[in-house]
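Engineer:
There are 2 protein chains.
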Amino acid sequence: MNYKIDNLQYCNWNREIFKFNNQAGLDAVHVTIAYHEDYDELLLEIKKWDKLFLENSDLIFPGKDFKDIEKAHSEKKTAIFFGFQNCSPIEDNINLVEKIHTLGCRFMQLTYNNQSLLATGCYEKIDSGVTNFGREVIKEMNRVGVVIDMSHSAEKSTFDAIEISEKPIAITHANPSFWHPAKRNKSNELLKTLSQSGGILGLSLYPHHLKNNSSCTLESFCEMIAKTAELMEVDNIGIGSDLCLNQPDSVVEWMRNGTWSKSKNYGEGSKNKPGFPKQPNWFEDARGFSNLENGLKKIGFSENETNGILGNNWYNFYKTI
Amino acid sequence: MNYKIDNLQYCNWNREIFKFNNQAGLDAVHVTIAYHEDYDELLLEIKKWDKLFLENSDLIFPGKDFKDIEKAHSEKKTAIFFGFQNCSPIEDNINLVEKIHTLGCRFMQLTYNNQSLLATGCYEKIDSGVTNFGREVIKEMNRVGVVIDMSHSAEKSTFDAIEISEKPIAITHANPSFWHPAKRNKSNELLKTLSQSGGILGLSLYPHHLKNNSSCTLESFCEMIAKTAELMEVDNIGIGSDLCLNQPDSVVEWMRNGTWSKSKNYGEGSKNKPGFPKQPNWFEDARGFSNLENGLKKIGFSENETNGILGNNWYNFYKTI
Chain A
10 MNYKIDNLQY
20 CNWNREIFKF
30 NNQAGLDAVH
40 VTIAYHEDYD
50 ELLLEIKKWD
60 KLFLENSDLI
70 FPGKDFKDIE
80 KAHSEKKTAI
90 FFGFQNCSPI
100 EDNINLVEKI
110 HTLGCRFMQL
120 TYNNQSLLAT
130 GCYEKIDSGV
140 TNFGREVIKE
150 MNRVGVVIDM
160 SHSAEKSTFD
170 AIEISEKPIA
180 ITHANPSFWH
190 PAKRNKSNEL
200 LKTLSQSGGI
210 LGLSLYPHHL
220 KNNSSCTLES
230 FCEMIAKTAE
240 LMEVDNIGIG
250 SDLCLNQPDS
260 VVEWMRNGTW
270 SKSKNYGEGS
280 KNKPGFPKQP
290 NWFEDARGFS
300 NLENGLKKIG
310 FSENETNGIL
320 GNNWYNFYKT
330 I
Chain B
10 MNYKIDNLQY
20 CNWNREIFKF
30 NNQAGLDAVH
40 VTIAYHEDYD
50 ELLLEIKKWD
60 KLFLENSDLI
70 FPGKDFKDIE
80 KAHSEKKTAI
90 FFGFQNCSPI
100 EDNINLVEKI
110 HTLGCRFMQL
120 TYNNQSLLAT
130 GCYEKIDSGV
140 TNFGREVIKE
150 MNRVGVVIDM
160 SHSAEKSTFD
170 AIEISEKPIA
180 ITHANPSFWH
190 PAKRNKSNEL
200 LKTLSQSGGI
210 LGLSLYPHHL
220 KNNSSCTLES
230 FCEMIAKTAE
240 LMEVDNIGIG
250 SDLCLNQPDS
260 VVEWMRNGTW
270 SKSKNYGEGS
280 KNKPGFPKQP
290 NWFEDARGFS
300 NLENGLKKIG
310 FSENETNGIL
320 GNNWYNFYKT
330 I
């Protein structure tokens, strides 16, 4: 059986986007439901999802484990797995880790771009690694079954998380920095260690993570995957598109600034280009998975490897959670 | 005019303790009203204080600035200044800094023992210094008039705070580590830099910060002050007793563990001595200020220097806030 999985989307959801994912044949999508939200605010987000599930029950349903990916495949629907891009929802409370798991969370980043209570984000000057509280939380995430996601974390913190976690971790959405040296992309050494530890990388289609940004070509992207597969086991590579469809620019401003600053931060953008960047024309939404499939085969990946990258590798990873 | 100030107490407050402070002649006390509380929980704490102020209006009133120290002196009452030993009440929100100032907060530690969103605590393995959010918060604390308190912070974070802050900072309750090498005590280099920057140290009477713990002698404590005055300007030395009168041991357990750990941490205590330690017999409550006065004079401090250490130095510091 072959599964298609996009392991990171943060869209301003509506029926049309669920249809795109359905048309793309996605059996599962990991969706971000929290950045800066605390626990109470998370509960409000989940209420919104209750409504989305009710209104679009012919297209989506809440995913809890790998069996829901199988179920989605047989029912031609998409299983939606919740995740957070920051640890704000657990506040300073270890007991909330189990609670967020009960609410459906299966991935949690230890940090967004800044320092969190758990670890250091990739936009800080100095990275002190996983904190005292972070060590406790990793243990608890392992116990209850929430995957440690280090996509936005700084390097030492990520090495620490790989070492401390008893289960493989994920970088759900990032690219190798050898291809495009963005702060959010990852070093060869880190990717090697991630792969050796059984961890998985979801390659990102977010233009700021791409060589030549919105003008990145499919060929260049697939060449990058081929080179990444020389550093990492090909079985440890998947897709985490970071699609942010239908989002107004006010949202990316909020993602970057939350409530932590009185001055404005532009993150991966700039004062002249503060908004969401335009997707490359071969991946404007999840239906671009078919272009990826062609591109991967063209660059020389086998049928089996291609299917792995497009979803089976994530499916196997979900089995280990 | 001479003022007596204890710039850190965290008691389980009742009328008797306010009387002790009054009998000690304290014109002002900086009291801790938050450790792990978030903003909503802080509001509940302040409601408790509203009741205490109402019921003990003959002994205490809320202090807002140095003029309230003068008022307290002339009315033979004690002005109560609020402070936090962690930044939890501002959550991840820069706008709450002004709000906590409006609510009466005049001192806020950037960290308790662990990593916070602002800086690193003295119990972490690695100290990455003041964070991105921390830099913004220091600017805002300077603007609205909340003193940066680094009593429980790690060393690099404290050097960073001194450098970043445009106003002098405080270490409200700690001792020099040359005298007693506790994690919470401070290095010579740090104390020198603190003093050179106009910052102030409140010497602690908490047994875990004292040489020989509860058996520490008045002579030893005063000798330590004399040596500290060789590192720092004597005008930058005060008292921050860290008195925790009437607190049950469950409180020190909560201070150390909050909700961040499933295993038990003993902080400065140990498994065999998990509770609050016994005060030295010459400083069982604030009335011990008279013993300090004698001890300081005996060790050779002038009348003027003694009065400075016992309160005038803090009074002058309050004038700069």
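Chains as they are written, first to last, in my numbering: chain A, 10 to 330; chain B, 10 to 330.
Don't be surprised by glycine CBs; every beta carbon is placed ideally from N, CA and C.
Treat the numbers as computed from the prediction; the structure is a model and nothing was measured.
(1) Does DSSP classify A/ASN141 as helix, strand or coil?
(2) What did DSSP end up calling A/ARG193 once you bin it into helix, strand or coil?
(3) In whole angstroms, what is the alpha-carbon distance linking B/ILE180 and B/ILE69?
(4) Hey, B/SER213 and B/ASN184 are a contact pair by Cβ (cut 8 Å); roughly how many whole angstroms apart?
(5) Take B/ALA163 as the anchor and find which of B/ASN123, B/LEU17 and B/GLY72 has the nearest alpha-carbon.
(6) What would DSSP say about B/PRO283, mapped onto helix, strand or coil?
(7) Measuring straight from C-alpha to C-alpha, what distance separates B/ASP169 and B/ILE103?
(8) Under the DSSP definition of a beta bridge, which residues are partnered with A/LEU210?
(9) Grab the span of the beta strand (DSSP E) containing B/ALA88 for me, first residue to last.
(10) Beta-carbon separation of A/VAL155 and A/ILE109 under 8 Å?
(11) Cβ of B/GLU164 less than 8 Å from any chain A Cβ?
(12) Can you give the Cα-Cα distance for B/LYS236 and B/PHE310, rounded to whole angstroms?
(13) Buried or exposed: where does A/LYS13 fall if 16 or more other Cβ atoms within 10 Å of its Cβ makes it buried?
(14) Between which two residues does the alpha helix (DSSP H) holding A/GLN18 run?
(15) So, is A/ASP258 buried or exposed, given that buried needs 16 or more other C-beta atoms within 10 angstroms?
(16) With a threshold of 6 Å on Cβ separation, who are the neighbours of B/ALA233 within its own chain once the five nearest residues in sequence on each side are excluded?
(17) Give a yes or no on contact between the region 265-274 of chain B and the region 210-226 of chain B, applying the rule of three or more CB pairs nearer than 8 Å.
(18) Between which two residues does the beta strand (DSSP E) carrying B/ARG265 extend?
(19) Terminal residues of the continuous alpha helix (DSSP H) containing B/CYS231?
(20) Considering Cα atoms alone, identify which of A/LEU240, A/PHE75, A/SER166 and A/LEU203 is closest to A/TYR327.
(21) Counting only Cβ pairs nearer than 9 Å, list the residues of chain B close to A/LEU126.
(22) Rounded to the nearest angstrom, what separates B/TYR121 and B/GLU46 at their Cα positions?
(23) Helix or strand or just coil, what does DSSP make of B/ALA295?
(24) Can you pull the chain A neighbours of B/ILE173, defined as C-beta to C-beta under 9 Å?
(25) By Cβ distance below 7 Å, which residues in the same chain neighbour A/ASN65 in space, the five residues on each side in sequence not counted?
(26) Beta-carbon separation of A/ASN16 and A/GLY249 under 8 Å?
(27) Per DSSP, which one or two residues make a beta bridge with A/GLY130?
(28) Does the Cβ-Cβ distance between B/ILE135 and A/GLY320 come in under 8 Å?
(29) Using beta carbons (cut-off 8 Å, strictly below), is A/TYR275 in contact with chain B?
(30) Under 8 Å, do B/LEU119 and B/SER166 count as touching if we go by C-beta distance?
(31) Using the Cα positions of B/MET150 and B/PHE116, report the straight-line distance between them to the nearest angstrom.
(32) At the level of alpha carbons, what is the spacing between A/GLY284 and A/GLU262?
(33) List the residues that DSSP assigns as beta-bridge partners of B/CYS114.
(34) Pick helix, strand or coil for A/ALA33, following the three-state DSSP scheme.
(35) Please determine, among A/TYR215, A/SER186, A/ASN274 and A/VAL260, the residue with the shortest C-alpha to C-alpha distance to A/GLY297.
(36) Compute the Euclidean distance between the alpha carbons of B/SER97 and B/LEU51, then round it to the nearest angstrom.
Structural biologist: Quick answer:
(1) As a position in the first sequence, residue 141 of chain A is number 132, starting the count at 1. In the structure shown, A/ASN141 sits in a helix (DSSP, three-state: H, G or I).
(2) Taking the first sequence and counting its residues from 1, the one referred to as residue 193 of chain A is at position 184. Correct three-state label for A/ARG193: coil.
(3) Start at 1 with the first residue of the second sequence, and residue 180 of chain B comes out as number 171. Start at 1 with the first residue of the second sequence, and residue 69 of chain B comes out as number 60. Taking the straight line from one Cα to the other gives about 24 Å.
(4) For the purposes of this step, residue 213 of chain B is identified with residue 204 of the second sequence, where counting begins at 1. For the purposes of this step, residue 184 of chain B is identified with residue 175 of the second sequence, where counting begins at 1. Right, the Cβ-Cβ distance comes to about 5 Å (below 8 Å), so this counts as a contact.
(5) Indexing the second sequence from 1 puts residue 163 of chain B at position 154. If we check each option's Cα against that of B/ALA163, B/ASN123 comes out closest.
(6) Sequence index remark: in the second sequence, residue 283 of chain B carries index 274 (1-based). In the structure shown, B/PRO283 sits in coil (DSSP, three-state: anything other than H, G, I, E or B).
(7) What you label residue 169 of chain B is simply residue 160 of the second sequence in a count that begins at 1. What you label residue 103 of chain B is simply residue 94 of the second sequence in a count that begins at 1. Each residue's alpha carbon lies about 19 Å from the other.
(8) Along the first sequence, read from residue 1 onward, the residue named residue 210 of chain A stands at position 201. In the DSSP output, where bridge partners are listed per residue, A/LEU210 has A/ILE180 and A/ILE246.
(9) Locating residue 88 of chain B in the second sequence gives position 79, where the first residue counts as 1. 87-93 is the extent of the beta strand (DSSP E) around B/ALA88.
(10) As a first step, residue 155 of chain A is located in the first sequence; it is residue number 146 there, counting from the start. As a first step, residue 109 of chain A is located in the first sequence; it is residue number 100 there, counting from the start. Closer than 8 Å, so yes.
(11) The residue given as residue 164 of chain B occupies position 155 in the second sequence. Not closer than 8 Å to any Cβ of chain A, the Cβ of B/GLU164 fails to qualify, so no.
(12) Numbered from 1 along the second sequence, position 227 holds the residue referred to as residue 236 of chain B. Numbered from 1 along the second sequence, position 301 holds the residue referred to as residue 310 of chain B. Roughly 11 Å separates the two Cα atoms.
(13) Here residue 13 of chain A refers to the residue found at position 4 of the first sequence. Burial call: buried.
(14) Taking the first sequence and counting its residues from 1, the one referred to as residue 18 of chain A is at position 9. No alpha helix (DSSP H) holds A/GLN18; the beta strand (DSSP E) holding it covers 14-18.
(15) Here residue 258 of chain A corresponds to residue number 249 of the first sequence, with the count starting at 1. A/ASP258 should be labelled exposed.
(16) In the second sequence, counting from the first residue as 1, residue 233 of chain B sits at position 224. Reading off the sequence shown, one finds Met at residue 233 of chain B, where the question assumed Ala. TRP188, listed in sequence order.
(17) no
(18) As a first step, residue 265 of chain B is located in the second sequence; it is residue number 256 there, counting from the start. Note, B/ARG265: premise wrong, no beta strand (DSSP E); alpha helix (DSSP H) at 258-266.
(19) The residue you call residue 231 of chain B lines up with position 222 of the second sequence. Per DSSP, B/CYS231 belongs to the alpha helix (DSSP H) from 227-240.
(20) One-based indexing of the first sequence puts residue 327 of chain A at position 318. Answer by Cα proximity: A/PHE75.
(21) Locating residue 126 of chain A in the first sequence gives position 117, where the first residue counts as 1. Within 9 Å Cβ-Cβ: ASN123, GLN124, SER125, LEU126 and TRP269.
(22) In the second sequence, the residue the question calls residue 121 of chain B occupies position 112. In the second sequence, the residue the question calls residue 46 of chain B occupies position 37. Going from the Cα of B/TYR121 to the Cα of B/GLU46 covers about 12 Å.
(23) Your numbering for residue 295 of chain B matches position 286 in the second sequence. Helix, per DSSP.
(24) Your numbering for residue 173 of chain B matches position 164 in the second sequence. Near B/ILE173 there are no residues of chain A at all, since even the closest Cβ is about 12 Å away, more than 9 Å.
(25) Taking the first residue of the first sequence as 1, we reach residue 65 of chain A at position 56. If we look at A/ASN65 and ignore the five residues flanking it on each side, its Cβ neighbours are ARG24 and PHE27.
(26) Within the first sequence, the letter at position 7 stands for residue 16 of chain A. Within the first sequence, the letter at position 240 stands for residue 249 of chain A. Yes, the pair counts as a contact, with Cβ atoms nearer than the cut-off.
(27) Mapped onto the first sequence, residue 130 of chain A falls at position 121. Answer is A/SER162, bridged to A/GLY130.
(28) Taking the second sequence and counting its residues from 1, the one referred to as residue 135 of chain B is at position 126. Taking the first sequence and counting its residues from 1, the one referred to as residue 320 of chain A is at position 311. Cβ atoms of B/ILE135 and A/GLY320: not closer than 8 Å.
(29) Start at 1 with the first residue of the first sequence, and residue 275 of chain A comes out as number 266. No - not a single Cβ of chain B is within 8 Å of the one on A/TYR275.
(30) Indexing the second sequence from 1 puts residue 119 of chain B at position 110. Indexing the second sequence from 1 puts residue 166 of chain B at position 157. In this structure, B/SER166 lies closer than 8 Å to B/LEU119 by Cβ.
(31) Looking up residue 150 of chain B in the second sequence gives position 141. Looking up residue 116 of chain B in the second sequence gives position 107. Cα-Cα distance, rounded: 9 Å.
(32) On the first sequence, position 275 is the one that residue 284 of chain A refers to. On the first sequence, position 253 is the one that residue 262 of chain A refers to. If you take the alpha carbons of A/GLY284 and A/GLU262, they lie about 7 Å apart.
(33) For the purposes of this step, residue 114 of chain B is taken as residue 105 along the second sequence, with counting starting at 1. Paired residues: B/PHE91.
(34) The residue you call residue 33 of chain A lines up with position 24 of the first sequence. If DSSP states are grouped into helix, strand and coil, A/ALA33 belongs with coil.
(35) Here residue 297 of chain A is taken as the residue at index 288 of the first sequence, counted from 1. That would be A/TYR215, whose Cα lies nearest to the Cα of A/GLY297.
(36) Sequence index remark: in the second sequence, residue 97 of chain B carries index 88 (1-based). Sequence index remark: in the second sequence, residue 51 of chain B carries index 42 (1-based). Those two C-alpha atoms are separated by around 9 Å.
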